[in-house]
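Asker: When you line the sequence shown up against our numbering, it's residues 3 to 113, in that order.
Glycine included, each C-beta is placed from N, C-alpha and C at the ideal position.
Have a look at this one.
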Amino acid sequence: MDTAGDLPGARYYRPDELTVGPRVIRDSASSQSSYIPDVHPLPVVVRVLINERGGVDRVLLGENFLSPEARSYIIDSISGMAFSPGMIGNLPVRSQWQIVVNLESLKPPNQ
3 MDTAGDLPGA RYYRPDELTV GPRVIRDSAS SQSSYIPDVH PLPVVVRVLI
53 NERGGVDRVL LGENFLSPEA RSYIIDSISG MAFSPGMIGN LPVRSQWQIV
103 VNLESLKPPN Q
């Protein structure tokens, strides 16, 4: 898919269309382990739409088994990241990046 849902006209290039793919340059402060109740220990496929400045425009999750709290945690964590932009030649472009987030059932502290 080249465009993102309700971002009309915004083309996000796939990794195979880029000369240089986006790279993480700043991780999110909330990417540390955290207790999220009712999380199934399954991988979650996340599609990240990155603008030509390396910022996150949108985080797309297709998995319906996630609780609203888990969805929010994943979206907030990835939205707080910064990337070097994808490039075609010497031109920074919008790009899409797919990652797999591995969720684990974590026990809350002191339990």
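Could you compute how far the alpha carbon of tyrosine 75 sits from the alpha carbon of valine 22?
Answerer: Those two C-alpha atoms are separated by around 29 angstroms.
Asker: If you draw a straight line from the C-alpha of leucine 105 to the C-alpha of proline 45, how long is it?
Answerer: Distance between the alpha carbons of leucine 105 and proline 45: 6 angstroms.
Asker: Skipping 5 residues on each side, what residues in its chain have a beta carbon closer than 6 angstroms to that of valine 94?
Answerer: A small correction: the amino acid at residue 94 is proline; valine does not occupy that position in the sequence shown. Cβ within range, chain order: Glu54, Pro87.
Asker: Could you check if arginine 96 is buried or exposed, using at least 16 other CB atoms within 10 Å of its CB as the buried criterion?
Answerer: buried
Asker: Which of the three DSSP states is assigned to aspartate 29 in this structure?
Answerer: coil
Asker: What residue does the alpha helix (DSSP H) around proline 70 start on, and which one ends it?
Answerer: 70 to 81
Asker: Run through DSSP, which three-state label would proline 45 get?
Answerer: Three-state DSSP puts proline 45 in a strand.
Asker: Pull up the distance between the alpha-carbon of glycine 64 and that of asparagine 92, whole angstroms please.
Answerer: 33 angstroms
Asker: Using a threshold of 8 angstroms, state whether the C-beta atoms of isoleucine 90 and valine 48 are closer than that.
Answerer: no
Asker: Closest to aspartate 59 by C-alpha separation, out of Phe67, Asp78, Glu19, Ala72, would be which residue?
Answerer: Asp78
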